[in-house]
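Q: Questions regarding the structure given below will be posed in turn.
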Ligand SMILES: *Cc1c(COP(=O)(O)O)cnc(C)c1O
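Numbering (our numbering), first residue to last: 18 to 586.
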């Protein structure tokens, strides 16, 4: 036996030991575990990775299934005019994942497409292992076209996407069977990308109710383009008779095979990812019962080293029990500030060394990092540079750090990167700005821990949840955001951060001008004065972020809700 088969047998035994408990398979097009394994693009993938890490910490018998995405999403460079350059991410798979001897296959357009499986063990705090399986079609036996299927995350056209979803959904279910997972009690579809796997289950059981008993579906986006749909003729030519005529009416919408409808139809439990998003989803899909479980982040992944030391000293047990973070109120303010300054220095040194921007440790620093796309309004904060300059003049210097990728086909998202880069050239004096290239988990962690204020400006109600502000809260960094997604639940005004837009504005859609005015006004009259002239109270706010928000908005609490409401139902 080679070392790798030993590991796998060991993992399988791990799962089989838990007879009588549910065995859950968690399907996600992207899973982000760390910055070395670039098989994620953003929030969805990092949530999936954080979820599986919490399962490992809490000994929850689950396995993750995803695609290999051999060249990642893309490696981002930005030229001096602000153009985003997308390069394949060169990822040395063998350094991080182990190939398994088991193979499986799916039929695409009548061809047999062979699938190899790579393995990564997520080790929990007490050594419990949650396996992740990465599906890979880059095998000699496959045609050149089929070898490409698992290369690029979210790359290619609709046909490419459907091929990926066939490999993930149908291939994923078959892979688990081939590896010896004979009974999977629940299949959790993290977004609709794996919905096609329900058809494999339907063919196995020939019983809609039996499929429903197994399936759990989490929808993630109120944006129409986020819901995959395919021409029925394309779907039929790709998967043939896997698509039964008898359910066509239930799973099509506007004459298209709609992956969200397919997942809704075959699931006994469906949820949105924040309370508001549950409401929005119920309006989008009338007739379905849709619950909500608010997202979280994996606490030990996102707490910076300086805060880890403070937490170890004052709140032993916080690593396995996130509720312990409630007692952060008892930590001395000096220690909170010292840990924050440590994390801030790391970030400021990084941007100064890399981008030569001459930022200062003491100056008020704001961060914005996320996918660059219009609904998140990445440049709202700098859309009136004169106003911002006046505020800096009056209250104190301002530093702004940006990061984020635009999807290669999102022209408007790329334009906002250009606008940010262009405005950097016109801003001077009391304002310093920079844009960190190739946003990834390391940059995300460094930024959410190292800035003084985390900015988020989505247009309501487009942000399903958002999670970067939760990472900030874990590091005592308050958020300043429109009331959308998780922030409707997490914002206690002037205690855990601030809202942008009037109190009542979590109703209805956003008004850019009103939000911009409110952002600047609050920055000038409340947020920055508190930072520069009322430091003691500022640190109190930092502490509340940890005690009130980090103790709740984490994946340990989140997965416990999934276990009770979705998996055990
Ligand atoms: C946390 C994170 C995201 C998601 O952040 P949102 O606030 O949900 O947009 C995206 N990318 C990276 C690298 C992250 O760390």
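Every residue gets a Cβ at the ideal spot worked out from N, C-alpha and C, and that includes glycine.
Because the structure is a prediction, the values reported are computed rather than measured.
Taking the beta strand (DSSP E) that residue 470 belongs to, which residues open and close that run?
A: Working through the chain shown from its first residue, we reach residue 470 at position 453. Residue range 470-473 is occupied by the beta strand (DSSP E) that includes residue 470.
Q: Are there 16 or more other CB atoms within 10 angstroms of the CB of residue 569, so buried, or fewer, so exposed?
A: Residue numbering aside, residue 569 sits at position 552 when the chain shown is read from its first letter. Residue environment analysis places residue 569 among the buried positions, since at least 16 neighbouring C-beta atoms fall within 10 angstroms of its C-beta.
Q: Less than 7 Å separating the Cβ of residue 419 from some heavy atom of ligand 1?
A: For the purposes of this step, residue 419 is taken as residue 402 along the chain shown, with counting starting at 1. No, the beta carbon of residue 419 sits no closer than 7 Å to any heavy atom of ligand 1.
Q: Please state whether DSSP places residue 576 in a helix, a strand or coil.
A: Looking up residue 576 in the chain shown gives position 559. Note: residue 576 maps to helix in three-state DSSP.
Q: What would DSSP say about residue 584, mapped onto helix, strand or coil?
A: Numbered from 1 along the chain shown, position 567 holds the residue referred to as residue 584. Assigned with DSSP and collapsed to three states, residue 584 falls in helix.
Q: Can you have a look at residue 96 and say buried or exposed, based on whether 16 or more other CB atoms are within 10 angstroms of its CB?
A: Sequence index remark: in the chain shown, residue 96 carries index 79 (1-based). Burial call: exposed.
Q: Run the CB neighbour count on residue 221, radius 10 Å, all protein chains shown included, and call it buried at 16 or more, exposed below.
A: For the purposes of this step, residue 221 is taken as residue 204 along the chain shown, with counting starting at 1. The residue in question, residue 221, is exposed, as its Cβ has fewer than 16 Cβ neighbours within 10 Å.
Q: Are residue 567 and residue 454 closer than 8 Å when you measure CB to CB?
A: The residue given as residue 567 occupies position 550 in the chain shown. The residue given as residue 454 occupies position 437 in the chain shown. Contact: no.
Q: Have a look at 211, 146 and 253 and flag the residue whose alpha-carbon is nearest the alpha-carbon of residue 244.
A: Taking the first residue of the chain shown as position 1, residue 244 is located at position 227. Minimum Cα distance to residue 244 is reached at 211.
Q: Pull up the CB-CB distance for residue 255 and residue 232, whole angstroms please, since I reckon it's below 8 Å.
A: Translated into positions along the chain shown, residue 255 becomes position 238. Translated into positions along the chain shown, residue 232 becomes position 215. 21 Å between Cβ atoms; not a contact.
Q: Quick one: grab the DSSP three-state call for residue 290.
A: Reading the chain shown from its first residue, position 273 is the one you call residue 290. Three-state DSSP puts residue 290 in coil, outside helix and strand.
Q: Does DSSP put residue 367 in a helix, a strand or coil?
A: On the chain shown, residue 367 is found 350 positions in, with the first residue counted as 1. Note: residue 367 maps to helix in three-state DSSP.
Q: Given that a residue counts as buried once 16 or more other Cβ atoms are within 10 Å of its Cβ, and exposed if not, what is residue 102?
A: The count along the chain shown starts at 1 and reaches residue 102 at position 85. Label assigned to residue 102: exposed.
Q: What would DSSP say about residue 320, mapped onto helix, strand or coil?
A: Here the question's residue 320 lines up with position 303 in the chain shown. DSSP places residue 320 in coil when its eight states are reduced to three.
Q: Ligand 1 and residue 392: does the residue's C-beta get closer than 7 Å to at least one heavy atom of that ligand?
A: Counted from its first residue, the chain shown places residue 392 at position 375. No, since every heavy atom of ligand 1 falls outside the 7 Å radius drawn around the Cβ of residue 392.
Q: Would you report the Cα separation of residue 137 and residue 54, rounded to the nearest angstrom?
A: Working through the chain shown from its first residue, we reach residue 137 at position 120. Working through the chain shown from its first residue, we reach residue 54 at position 37. Taking the straight line from one Cα to the other gives about 10 Å.
Q: Looking only at its own chain, which residues have a Cβ that is under 8 Å from the Cβ of residue 411, when we skip the five neighbours before and after it?
A: Along the chain shown, one-based indexing puts residue 411 at 394. Cβ within range, chain order: 541.
Q: Hey, is residue 71 close to ligand 1, as in C-beta under 7 Å from one of its heavy atoms?
A: Taking the first residue of the chain shown as 1, we reach residue 71 at position 54. False, no ligand heavy atom lies under 7 Å from that Cβ.
Q: Specify, as a first and last residue, the run of the beta strand (DSSP E) that residue 548 falls within.
A: Against the chain shown, residue 548 aligns to sequence position 531. Note, residue 548: premise wrong, no beta strand (DSSP E); alpha helix (DSSP H) at 545-550.
Q: Would you call residue 378 buried or exposed, if buried means 16 or more other Cβ atoms sit within 10 Å of its Cβ?
A: As a working mapping, residue 378 is identified with position 361 in the chain shown. Answer is exposed; the Cβ neighbour count stays below 16.
Q: Could you tell me which whole alpha helix (DSSP H) segments of length 4 or greater appear in the region 205-271?
A: Annotation note: the region 205-271 contains the following uninterrupted alpha helix (DSSP H) runs of length 4 or greater, listed N- to C-terminal: 214-222, 225-231, 249-256 and 265-268.
Q: Going by Cα to Cα distance, which pick from 139, 142, 140 and 121 is closest to residue 132?
A: On the chain shown, residue 132 is found 115 positions in, with the first residue counted as 1. Of 139, 142, 140 and 121, the smallest CA-CA separation from residue 132 is found for 121.
Q: Run the CB neighbour count on residue 477, radius 10 Å, all protein chains shown included, and call it buried at 16 or more, exposed below.
A: Against the chain shown, residue 477 aligns to sequence position 460. Buried, since its Cβ has 16 or more Cβ neighbours within 10 Å.
Q: Going by DSSP, name the residue or residues bridged to residue 533.
A: What you label residue 533 is simply residue 516 of the chain shown in a count that begins at 1. Beta-bridge pairing links residue 533 to no other residue.
Q: Whole angstroms are fine: how far does the CA of residue 535 sit from the CA of residue 557?
A: For this step, residue 557 is matched to residue 540 along the chain shown. For this step, residue 535 is matched to residue 518 along the chain shown. It is roughly 23 Å from the alpha-carbon of residue 557 to the alpha-carbon of residue 535.
Q: For the beta strand (DSSP E) containing residue 275, name the first residue and the last one.
A: Taking the first residue of the chain shown as 1, we reach residue 275 at position 258. Segment 273-275, the beta strand (DSSP E) holding residue 275.
Q: One question on the structure: do residue 161 and residue 125 come within less than 8 Å of each other, judged by their Cβ atoms?
A: Here residue 161 corresponds to residue number 144 of the chain shown, with the count starting at 1. Here residue 125 corresponds to residue number 108 of the chain shown, with the count starting at 1. Taking 8 Å as the Cβ cut-off, residue 161 and residue 125 do not qualify as a contacting pair.
Q: Quick check on DSSP: helix, strand or coil for residue 42?
A: Counted from its first residue, the chain shown places residue 42 at position 25. Correct three-state label for residue 42: strand.
Q: So does the region 319-330 actually touch the region 456-474, counting three or more Cβ pairs closer than 8 Å?
A: yes
Q: Determine, using beta-carbon pairs with one atom in the region 414-427 and one in the region 382-390, whether at least three such pairs fall under 8 Å.
A: yes
Q: Tell me whether residue 446 counts as near ligand 1, meaning its Cβ is closer than 7 Å to at least one heavy atom of that ligand.
A: Counting from one through the chain shown, the residue named residue 446 turns up at place 429. False, no ligand heavy atom lies under 7 Å from that Cβ.
Q: What runs of the alpha helix (DSSP H), each 4 residues or longer, lie entirely inside the region 361-449?
A: 402-411 and 428-443
Q: Strictly by DSSP, which residues pair up with residue 514?
A: Residue 514 sits at position 497 when you count from the first residue of the chain shown. 496 and 510.
Q: Grouping DSSP H, G and I as helix and E and B as strand, with all else coil, what is residue 566?
A: Counting from one through the chain shown, the residue named residue 566 turns up at place 549. If DSSP states are grouped into helix, strand and coil, residue 566 belongs with the helices.
Q: Closer than 6 Å by C-beta to residue 631: which residues in its own chain qualify, once you throw out the five before and the five after it? Chain order, please.
A: Outside the displayed span of the chain (18 to 586) sits residue 631, for which this structure offers no information.
Q: So, at 7 Å on beta carbons, what are the nonlocal neighbours of residue 482 in its own chain, with the 5 sequence-adjacent residues on each side left out?
A: One-based indexing of the chain shown puts residue 482 at position 465. Around residue 482: 290, 291, 294, 311, 312, 502 and 503.
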